[in-house]
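Shown next, in structure tokens, is the structure this report addresses.
Numbering (the numbering used here), first residue to last: 4 to 89.
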């Protein structure tokens with residue numbers, strides 16, 4: 004997700020949004036599993052709609068993502084940055 008946040012910086016996605024840090028992750032039951040160094044990036048990806056979590060209100064931060072999930076995140080980044088059409 005850190006790479007996505009760097010791409011968001013280039014496209015200026017999410018600059019106008021910023022909820023209170025720490026509040027975004029509390030919506031997920033496994034928020035304590037997010038590593039401290041990754042929390043800001045994960046929150047930014049959730050806040051901008053690039054990441055929505057998995058089933059049952061979990062973000063699964065210690066799990067591997069599938070190719071399909073990676074494609075969906077990149078597509079959401081491009082759409083939300085107005086670089087491609089829906």
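Glycine included, each C-beta is placed from N, C-alpha and C at the ideal position.
- Here DSSP, grouped into helix, strand and coil, assigns residue 15 to coil.
- DSSP links residue 79 through a beta bridge to no other residue.
- Non-local beta-carbon contacts of residue 37 in its own chain, meaning distances under 8 Å to residues more than five positions away in sequence, involve 28, 45, 62, 64 in chain order.
- In the displayed model, residue 61 falls within a strand according to three-state DSSP.
- Selection 82, 5, 83 evaluated against residue 39 yields 5 as nearest (Cα-Cα).
- Pairing residue 48 with residue 7, the inter-Cα distance amounts to about 8 Å.
- Here the alpha carbon of residue 34 sits roughly 9 Å from the alpha carbon of residue 25.
- In the three-state scheme derived from DSSP, where H, G and I count as helix and E and B as strand, residue 27 is classed as coil.
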